Amino acid sequence: MKDRWIHEKLEADIGHDRYLHSVRVMETCIDLARHHGYHVEKVAIAGLLHDCGRLLDVKRMLKLIGDFDIILDSIARDNTGLIHAILGEELARREYHIGDVEVLNAIRFHTTGRENMNSTEKIVYIADIIEPNRNFPGVENIRDMAYRDIDGSILHSMEGTLKFLIETSAPIHLDTIRARNQLLRLKKWGDTR
Ligand code: DGI
Ligand code: FE
Ligand code: FE
58 MKDRWIHEKL EADIGHDRYL HSVRVMETCI DLARHHGYHV EKVAIAGLLH
108 DCGRLLDVKR MLKLIGDFDI ILDSIARDNT GLIHAILGEE LARREYHIGD
158 VEVLNAIRFH TTGRENMNST EKIVYIADII EPNRNFPGVE NIRDMAYRDI
208 DGSILHSMEG TLKFLIETSA PIHLDTIRAR NQLLRLKKWG DTR
């Protein structure tokens, strides 16, 4: 990305470590897009900005949700893990001047996924999980899968997230459930019934 100001603003807003994570996600997005023959510029900016709503200042996150008149559903409310993606879409639009709806949706749905994800959304979702510094058990398998079968890799990693959410008694967002069910139908029947 050549726009220096985007990098400088992002690092100031989300902090050095998360900024470096974002750059790794961007690079992983570029690699996946080249491999799968997809639009590199689009996924690069979406990958770079995917966590732009994870502000260092959590109070400011909540204030901006109010300022922007964002209505949170009962699961996202009180959950900064989910709020950062929703706020991120709005910040990308307002403060980073992103107009491309595919890029905005990739930011919006990068945490939960959703039914009928397009290629930009899928690449950002899985790049966030497999960027080189991720080292949870099983990541190598998901990393390999992402280059062979991106839907399968998303399904597999989503099921890991769902297990984690159940083990920690966390609420599961309906978008995550719908995304998983659709990917399961795709795997079982090869269609999106
Ligand atoms: O922002 P990152 O840390 O890079 O990664 P992320 O945006 O994927 O956030 C991961 C967190 O989001 C992780 O702690 C699991 C949580 N998460 C994902 N899907 C759901 C969820 N949390 C809830 N409560 N419900 C979900 O459906
Ligand atoms: Fe995130
Ligand atoms: Fe991330």
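The opening residue of the sequence shown carries number 58 in my numbering; numbering runs sequentially from there.
Here a beta-carbon is modelled for each residue, glycine too, at the ideal position from N, C-alpha and C.
Remember, it's a predicted structure, so these values are computed and weren't measured experimentally.
Residue i: CB within 7 Å of a non-hydrogen atom of ligand 5
{"i": "Ile87", "result": "The ligand content of the structure shown is limited to ligand 1, ligand 2 and ligand 3, which means ligand 5 is not among them."}
Any non-hydrogen atom of ligand 3 within 7 Å of residue i CB
{"i": "Val158", "result": "no"}
{"i": "Val82", "result": "yes"}
{"i": "His107", "result": "yes"}
{"i": "His96", "result": "no"}
{"i": "Asp185", "result": "yes"}
Check: residue i C-beta below 7 Å from any heavy atom of ligand 1
{"i": "His73", "result": "no"}
{"i": "Leu144", "result": "no"}
{"i": "Pro194", "result": "no"}
{"i": "Pro189", "result": "no"}
Distance cut-off 7 Å: residue i Cβ against heavy atoms of ligand 2
{"i": "Asp24", "result": "Residue 24 falls outside the range modelled here, since the chain spans only 58 to 250, and no answer is possible."}
{"i": "Arg111", "result": "yes"}
{"i": "His167", "result": "yes"}
{"i": "His93", "result": "no"}
Straight-line gap, residue i to residue j (C-alpha atoms, nearest Å)
{"i": "Asp232", "j": "His213", "result": "16 Å"}
{"i": "Leu119", "j": "Leu139", "result": "12 Å"}
{"i": "Ile3", "j": "Ala149", "result": "The requested residue 3 does not occur in the structure, where the chain is confined to residues 58 to 250."}
{"i": "Leu219", "j": "Phe166", "result": "16 Å"}
{"i": "Ala101", "j": "Phe125", "result": "26 Å"}
{"i": "Arg91", "j": "Ile180", "result": "11 Å"}
{"i": "Glu176", "j": "Gly123", "result": "What sits at residue 176 in the sequence shown is Ser, not Glu. Rounded to the nearest angstrom, the two C-alpha atoms are 31 Å apart."}
{"i": "Val196", "j": "Asp185", "result": "11 Å"}
{"i": "Pro194", "j": "Asp74", "result": "22 Å"}
{"i": "Asn173", "j": "Ser226", "result": "27 Å"}
{"i": "His64", "j": "Val80", "result": "9 Å"}
{"i": "Leu67", "j": "Gly217", "result": "29 Å"}
{"i": "Asn198", "j": "Gly247", "result": "22 Å"}
{"i": "Gly94", "j": "Arg117", "result": "39 Å"}
{"i": "Ser131", "j": "Thr137", "result": "13 Å"}
{"i": "Gly72", "j": "Val115", "result": "12 Å"}
{"i": "Ile164", "j": "Leu105", "result": "10 Å"}
Test: residue i CB closer than 8 Å to a CB of chain B
{"i": "Glu147", "result": "Here there is only one protein chain, and chain B is not present."}
Top-ranked residue by Cα proximity to residue i, from the options
{"i": "His230", "options": "Thr177, Asp201, Gly170, Val196", "result": "Gly170"}
{"i": "Ala103", "options": "Thr137, Ile183, Leu113", "result": "Ile183"}
{"i": "Met202", "options": "Ile234, Lys99, Leu89", "result": "Leu89"}
{"i": "Ile87", "options": "Ile155, Ile187, Gly72, Arg111", "result": "Ile187"}
{"i": "Asp98", "options": "Gly110, Met83, Asp206, Lys245", "result": "One point to set straight first is that residue 98 is Glu, not Asp, in the sequence displayed. Ranking Gly110, Met83, Asp206, Lys245 by Cα distance to Glu98 puts Met83 first."}
{"i": "Leu113", "options": "His154, Asp70, Val158, Thr168", "result": "Asp70"}
{"i": "Trp62", "options": "Ile223, His96, Glu152", "result": "Glu152"}
{"i": "Asn162", "options": "Gly209, Lys244, His107", "result": "His107"}
Whole-angstrom C-beta distance between residue j and residue i, which should lie under 8 Å
{"i": "His78", "j": "Gly110", "result": "At roughly 14 Å, the Cβ-Cβ gap does not stay under 8 Å, so His78 and Gly110 are not in contact."}
{"i": "Leu129", "j": "Ile143", "result": "7 Å"}
Enumerated in chain order, which unbroken segments of the alpha helix (DSSP H) with a length of 4 residues or greater are wholly contained in the stretch 102-151?
115-124, 137-151
3-residue-minimum beta strand (DSSP E) runs that sit fully inside the stretch 171-248, ordered along the chain
none
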